[in-house]
Amino acid sequence: MKKNLTLLFLASALFLYAQIPTGYYSPAEGKTDVALKTALFSIVGSHTELSYAGLWTAFQTTDKRVDGKVWDIYSNITNYTFGANQCGNYSLEGDCYNREHSFPKSWFNDATPMYTDLFHLYPSDGKVNGMRGNFPFGEVGSATYQSANSYSKLGSCCYPGYSGTVFEPNDELKGDLARTYFYMVTAYEDRVSGWSSEHLDGTSYPALNAWSVALLLKWNAQDPVSQKEIDRNNAIYTNFQHNRNPFIDHPEFAEYIWGTKKGQAWSESGSTSPTLFSPTSGSTVDFGTVIYQQTTTKTIVVSGMNLTGDLTLSISGADASYFSVPVTTIPKASAQAGYSLTISYNAPVVGTHNAILILSGGGITDATVNLTATATATNCQNLNFSAPFSSTMSPFTQYSVTGSQSWYWKSSAYGVAMSGYVNSTSNANEDWLISPSLDLSTSKDVVLAFDHTINKGVVTNMPTENTVWISNNYSSGNPNTAIWTQLTIPTYPAGNDWTFVNSGTISIPTDKCQLNTFIGFKYISTTAANSTWEIKNLTVNGTCISSAVYNANKSYKHKVFSTNKNISISNLENEDLVVYDICGKNVFSSRNLTGETSINSLNSGIYIIKAGNEILKAMVK
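Each residue of the sequence shown is one higher than the one before, counting from 27 in my numbering.
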């Protein structure tokens, strides 16, 4: 897990690599590939089985952040309190957390003891977990769903060897989950041949398909073992199951069993050759996209054996000055015990930056770690909301105003559907399919699109009986208690052949792009006539309104004046202008303004102003 552990978890830079009992891995000494895997099975396969309900309590030890909150495996926006925020019902990311079988339970038919094995069970956001379902892990090419901040993704696989739908965890967690999968096929070597998954080949060895082996080895190398993983491994061993994940203690096991060291005998104590287990030479520490002029950190574990001396650290490359480490030397004893190394990145300019961390000395061949980061002037995120309706109606909900029929999820091929025609009878209905609350306040050029088919109805009635609406004051319940504005659907189906057509691009009015925005599909039928309406592949996309980061001493181009319940903004040069109240409600927005613009009759309070690429504030008394 390459996470900012300095802020979230890490308390000390120096730690024992694992509290591994003396001789724990002795049965693995001198073993190669399949024999090594079987030896590890003999070590960790037997363990104390937990109850499913007991996982809630175990998580409080194994997955607690330094601030006491829940460490979420799939989302980086949650701030859950143990116990209080357990799922329950959910509709949105951030509603509650549940117990995620990262190695889906359907793959092993819900059997025990796998069902409650903590090494593959993690707390996770209910909504994101539901979207993952039992799809295999992979790398997404075209995403159909993304969690907040694009932290996790669902979509078609772009990794060679598999092209189906996959779930891609964040880069910070790929190594964690790769080592989880290595554990599962090793700890249950005697059962894995009977399991079914896109990852598995139906054997006890190699147990994993070739594409899966390559992917997981890549993740294992690119995302080195973190302190969080080590602490979790120790907690599970000491407090709960009394076995360990060997691939956390010795991530090199994966290479000896499936990778570049197959055929070589593994040794923990008998070898005299200096060896660096972690980080793997050629691995990458990716800081992702961060704000320039701000320090971001990543933490890796430096661990080896039989070192002849201290390790020396240096950073080279064109952008070496943007990356730093707190020490230039790691003592031999610390490296052999396991040393937590924090790498910092702070770029004075925007752009993509690369450098190389070099570890040398101690008798090892120089090891290199690629450092990469992208610095931006903004934290701007484009709007990319999707509801494919491929397996559920979620995150939309339905409300029936009139009639006994209601919207329902039909199938992956047909999405969600509504019909007033039941048992050869036409029924009068008013039924709504309503989105979750969408934050459109930081986006511009927002557009809605979906695929739909309408049949059995009167074609000329489609624009009045099959409609889409938008509201900024709906909360829940009967939609007729809120104010809705109808949007125009450019393209309706032919009405007689069940062929899906795209709605065409539906532009969301700028004044409707607010913090609390709902989209509603309204269906009307009568006792005289009705239609069947099916919808799938819904998207809402928009371009973020840039929130630039400036030095504190920057002088602003735009001037703001506040008088008599009015705000005036001057020096506009063909720029977009958006004004929010302190609660985030969009009170004014317009594009391509020049000169001075006034917003009148405002309530008292503080207002945030986005004028072009600047952020300002004003107070109205």
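Virtual Cβ for every residue (Gly too), placed ideally from N, Cα, C. These figures come from a predicted structure and were not determined experimentally.
- Assign C539 to buried or exposed, taking buried as 16 or more other Cβ atoms, counted over all protein chains shown, within 10 Å of its Cβ. buried
- Query: By Cβ distance, which residues of its chain are closer than 7 Å to H127, with the 5 residues on each side in sequence left out?
  - Reply: H146 and L147
- Cβ shell of T197 (< 8 Å), same chain only, five flanking positions each side left out: Here residue 197 is Asp; the residue named in the question, Thr, does not match the sequence. Around D197: K28, Q248, D249, D312 and G314.
- Three CB pairs or more closer than 8 Å across the stretch 331-348 and the stretch 373-390: yes
- Message: By the three-class DSSP mapping on this structure, what secondary structure does P272 have?
- Response: helix
- What span of residues does the beta strand (DSSP E) with W510 cover, start to end? Segment: none, W510 is in no beta strand (DSSP E) and carries neither H nor E.
- Are there 16 or more other CB atoms within 10 angstroms of the CB of I532, so buried, or fewer, so exposed? buried
- Message: Buried or exposed, going by whether 16 or more other CB atoms sit within 10 Å of the CB of N498?
- Response: buried
- Report the rounded CA-to-CA distance for D477 versus N408, giving the unit in angstroms. 22 Å
- Could you check what DSSP says for S630 in three-state terms: helix, strand or coil? coil
- Query: Taking all protein chains shown into account, do 16 or more other C-beta atoms lie within 10 angstroms of the C-beta of F193, making it buried, or fewer, making it exposed?
  - Reply: buried
- Between the beta-carbon of S469 and the beta-carbon of C570, is there less than 7 Å? yes
- Query: Between the stretch 212-228 and the stretch 116-124, are three or more C-beta pairs nearer than 8 Å?
  - Reply: no
- Message: Just to confirm before moving on: does the CB-CB distance between H225 and P186 stay below 7 Å?
- Response: no
- Query: Tell me the DSSP bridge mates of Q424?
  - Reply: L459
- Using the DSSP secondary-structure output, state which residues sit across from R125 in a beta bridge. P149
- Query: From Y50 to A169, what distance separates their C-alpha atoms?
  - Reply: 43 Å
- Item | Minimum length 4: unbroken alpha helix (DSSP H) runs contained in the stretch 322-386 | 358-363
- Task: Just list the beta strand (DSSP E) runs in the stretch 485-538, keeping only unbroken ones of 3 residues or longer that don't cross its boundaries, in chain order.
- Result: 492-497 and 511-513
- Item | D257 (DSSP reduced to helix, strand or coil) | helix
- What's the C-alpha gap between V575 and I317? Because the pLDDT at V575 is just 34, under 50, the model does not fix this residue reliably, and the point stays unresolved.
- Counting Cβ pairs closer than 8 Å, one from the stretch 548-564 and one from the stretch 613-627, do we hit at least three? no
- Boundaries of the alpha helix (DSSP H) in which V70 is found, first to last residue: D59 to V70
- Message: Please give the ranges of any beta strand (DSSP E) in the stretch 175-221, keeping only runs that are unbroken, at least 3 residues long and fully inside the region.
- Response: 179-183 and 191-194
- What distance in whole Å lies between the Cβ atoms of Q512 and T525, which are believed to be in contact at a cut-off of 8 Å? Incorrect: roughly 25 Å between the Cβ atoms, too far for contact.
- Query: Taking the alpha carbon of K244 as the point to measure from, which residue in G285, S445, T536 and S219 has its own alpha carbon closest?
  - Reply: G285
- Query: DSSP state of T48, grouped into three classes?
  - Reply: coil
- To the nearest angstrom, report how far apart L466 and I634 are at their CA atoms. 16 Å
- Item | V251, DSSP secondary structure in three states | coil
- Item | L702 - containing beta strand (DSSP E), residue span | Here the chain has residues from 27 to 647 only, and residue 702 is not among them.
- CB N265 to CB T87, shorter than 7 Å? yes
- Query: By how many angstroms is the C-alpha of D457 removed from the C-alpha of T428?
  - Reply: 7 Å
- Query: For the beta strand (DSSP E) that E281 lies in, which residues bound it at each end?
  - Reply: Counting along the chain, E281 falls outside any beta strand (DSSP E), though it belongs to the alpha helix (DSSP H) covering F279 to W284.
- Label S173 either buried or exposed according to how many other C-beta atoms from any shown protein chain fall within 10 Å of its C-beta, with 16 as the threshold for buried. buried
- Note down the Cα distance separating K580 from A644, rounded to an integer number of angstroms. For K580, the pLDDT reaches just 41, beneath the cut-off of 50, and the residue's location in the model is therefore unreliable, although a value from the coordinates is still provided. The alpha-carbon atoms of K580 and A644 are separated by roughly 17 Å.
- Query: Do F415 and K5 come within 7 Å of each other at the CB atom, strictly closer than that value?
  - Reply: A query on residue 5 cannot be resolved here, the shown segment of the chain reaching from 27 to 647 and no further.
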